[in-house]
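Report on the structure given below.
In the UniProt record's numbering, the protein residues as written are 1 to 77.
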């Protein structure tokens, strides 16, 4: 996979702040662009995939970046 075009650092923020940040920044990308959200709040593992399903965006995958959870979201529309 190509590297994300935008990385949003939400480490230390409690949900729903990572979801709000993702929503605000995703619109900056062209359709097909990838946004990475770094979020260590355990609720992010549930909230970010749920937000992607509700908004019709694609959760490309999750990984660990420098020891922190990372969520890659591809803009679908």
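Even for Gly, the Cβ is constructed at its ideal location relative to N, Cα and C. Given the structure is predicted, the values throughout are model-derived calculations rather than measurements.
| Item | Value |
| --- | --- |
| Could you please give the first and the last residue of the uninterrupted beta strand (DSSP E) stretch that includes residue 65? | 58-65 |
| Please check the pair residue 51 and residue 8, which I expect to be a contact at CB under 8 Å, by giving their CB distance rounded to whole angstroms. | So it is not a contact: roughly 13 Å between Cβ atoms. |
| Leaving out five residues before and five after residue 68 in sequence, what residues of the same chain have Cβ atoms less than 7 Å from its Cβ? | 11, 38 and 40 |
| Compute the beta-carbon to beta-carbon distance between residue 34 and residue 60, rounded to the nearest angstrom, for a pair I have assumed lies under 8 Å. | 6 Å |
| Sorted by chain position, which residues of the same chain lie with C-beta nearer than 8 Å to residue 30's C-beta, five sequence neighbours on each side aside? | 75 |
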